[in-house]
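Undergrad: One structure, pasted below without further comment.
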C-alpha cells in the first residue's frame, strides 16, 4: 500500500485507478478484509501514470472490440482528447466523419462503466486530464497529432462559421498544435477583435502579443500585411484601454499603419485605419469629419472585397448619423450593416446593430418599439456571450424605462449594467452611475443624489453630454431646494456643454422638463417657460431626420 501511495504521489484518484485496474485484470483476490494480493503474486508498477492509462485503455479496447474496431476506437478517442476534456457528441461525430473513422457503438458507455469517463449535460467528459494527455501522447506517437488538431479547427469553423465566433482562439490553438503557424495568424487576430468588442482588453493584448510572436517565428517583414493588421488591432486596444496619453499614442501608431497600408496597397488595413479615425472623430463631436472618414473606409473595404469591414463601417456610420439626429439615414445604415454582417458571418455585430435600432426607436419617443428591440439586442448578446454588449443593452433598456418614469425598472437595469461595466474595467461605468443617481433624484432623495452627482462630475471625463446631464441634475436639485442662484449657474454650465456636444439625448429632454416643472412649482414662471422651451427644442432635435 505504501509503495502504491508513493508511486501515485499521494493522489487518491490515481490510487483508485491503479487498484481498479488490478481488480479488473484479476490480479487481486477478494477476501474477508477486502481485496488482497495472493502471497505468490508479483505486480510490476508501470514506468509512469501515462503508461498505466495507456496499458489499461489498450487492454479494454482489445477485450471489447475486434481488430479494426479497436483501432477505430483508439483513433476516435485520440480525436476526442484533441477536442478537450469535455466532449460534445455532435462535434466529435463530425470530426470522426472528417477523418473517415467510425467510433464503435457502446464506446462511451464502456468508458463510463469503467470510470474512465462521466456523462455531462452536453455529452461526456474524460474522468481525468491525465487520461486525455495520455491519449494525446498516443496520437503523437502514431503521427496523428497534426491530423486531429486540423480536424478540430475544421469542426469549429463548420459549427460556428468562418470566423468561428466565440471560438477563434481555439481554432488558432489547434492550428498551432498542428504546426500550421501561418494559418493560425488570422484566427488569432479574429480572437482579439472579438475580445476587444466584449471588453476583454487584457486578454486581447496577450493574444495579440502571441500574434506578433508568430510573425517573428515566421520571419515576416515589418510591412507585411498580417503584421499591419496586428498593429492596427493594437491601435484599437490602446485607445479602448484609455489612460493618459493613450489617444495621442493611438493616433501616432494609426498614422504609421495608414501610411504603410497605402504604400503596400492593403485596402483592408487602410479601411480599418480610416474607420478608427471616423470613430474617434465622432467621440470628439467632429461629426462631418467622422462621416467623411467612414465614407473613405467603406470605399477601401469595398475595394478589398471585405464584407466584414464594410459591415463594421456601416455600423459606425449609423452611430454617427444617430448622434446628429439623422435617424432615417442611420436606420438605413443599420439595415446595410445587418446584411453585410450576415454575408460575412459576423454574428458578433448583431447585438450592437439591434441595440442601435432600439436606440433609434427610443430617440423617436417610441417606448414600446424600443423595449422590443432592446430585448432582441439582449438575447443576441446572451447568445454569443458578449458581456460588454449585454451591459450596453441593459443601459439602453434603463434609459427606455427612465423616460417612461418606470424608476424601479430603470434602476434594476442600470444596476446590472454597472456591475458588468465595472467587471470589465470600462469607463462607461461612470455614465451608468450618473443615470442611477438621476433615478435617486427623481425618487425625491435630493441630498444623496446631489452628493453622488457632484462626485461623478469629477470622473465623467470630457463627454459633454454626460457633463450636461450632471449639471442639469444639479440644476434640478437647486430648484427643488429653492436655490435660484445655484439653479442659474448649473443651467448655464449645462447649456455650455450642450452647445459643445452638438447632439442630445432623451434624458436631457426629461431633465429639462422636470426642472421646468420644479421652477413653476416655486413661482419661477419665466424660468419655467424657458426650460420647457429648451426641452421642446431638444425634443425636435431628437426627431430630426434631415441630411
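In the working numbering, the protein residues as written are 37 to 583. Note that the Cβ used here is the ideal one computed from N, Cα and C, for glycine as well.
1) Is residue 153 helix, strand or coil when you go by DSSP?
2) Tell me which same chain residues have a C-beta within less than 6 Å of the C-beta of residue 381, skipping the five on either side of it?
3) In angstroms, rounded to a whole number, what distance separates the CA positions of residue 295 and residue 277?
4) Mind checking residue 533: buried by the 16 CB within 10 Å criterion, or exposed?
5) Once DSSP output is grouped into helix, strand and coil, what is the label at residue 122?
6) Note the first and the last residue of the continuous alpha helix (DSSP H) segment covering residue 208.
7) Are there 16 or more other CB atoms within 10 angstroms of the CB of residue 441, so buried, or fewer, so exposed?
8) By how many angstroms is the C-alpha of residue 406 removed from the C-alpha of residue 493?
9) Considering Cα atoms alone, identify which of 536, 563 and 169 is closest to residue 548.
10) Would you report the Cα separation of residue 411 and residue 568, rounded to the nearest angstrom?
11) Compare the C-alpha of residue 403 against each of 379, 435, 388 and 422 and name the closest.
12) So, using beta-carbon positions, are residue 509 and residue 473 closer together than 8 Å?
13) According to the Cβ coordinates, are residue 571 and residue 557 closer than 8 Å?
14) Note down, in chain order, each residue of its chain lying with its Cβ closer than 7 Å to the Cβ of residue 343, except the 5 sequence neighbours on either side.
15) According to DSSP, simplified to helix, strand and coil, what is residue 323?
16) Would DSSP call residue 162 helix, strand or coil?
17) Just mark residue 539 as buried or exposed, buried being the case when its beta carbon has 16 or more other beta carbons within 10 Å.
18) Starting from residue 558 and walking both ways along the alpha helix (DSSP H), at which residues does that stretch end?
19) Buried or exposed for residue 500, going by 16 or more other Cβ atoms inside 10 Å?
20) Output needed for residue 119: all residues of its chain with C-beta closer than 8 Å, excluding positions within five of it in sequence on either side, in chain order.
21) If distances are taken between C-alpha atoms only, which option among 536, 518, 512 and 541 comes closest to residue 527?
22) Comparing alpha-carbon positions, which option in 122, 482 and 544 lies nearest residue 161?
23) Straight-line CA distance for residue 371 to residue 154?
24) Measure the CB-CB distance between residue 415 and residue 385 and report whether it falls below 8 Å.
TA: In short, the structure shows the following:
1) strand
2) 197, 198 and 199
3) 24 Å
4) buried
5) strand
6) 204-213
7) With fewer than 16 other Cβ atoms within 10 Å, it is exposed.
8) 29 Å
9) 563
10) CA-CA distance, residue 411 to residue 568, rounds to 32 Å.
11) 435
12) yes
13) No, the Cβ-Cβ distance between residue 571 and residue 557 is not below 8 Å.
14) 376, 379 and 380
15) helix
16) Residue state for residue 162 is assigned as strand, using DSSP reduced to three classes.
17) buried
18) First-last for residue 558: undefined, no H or E at that position.
19) buried
20) 127, 128, 131, 188 and 191
21) 512
22) Here the closest residue by C-alpha is 122.
23) 46 Å
24) Taking 8 Å as the Cβ cut-off, residue 415 and residue 385 do not qualify as a contacting pair.
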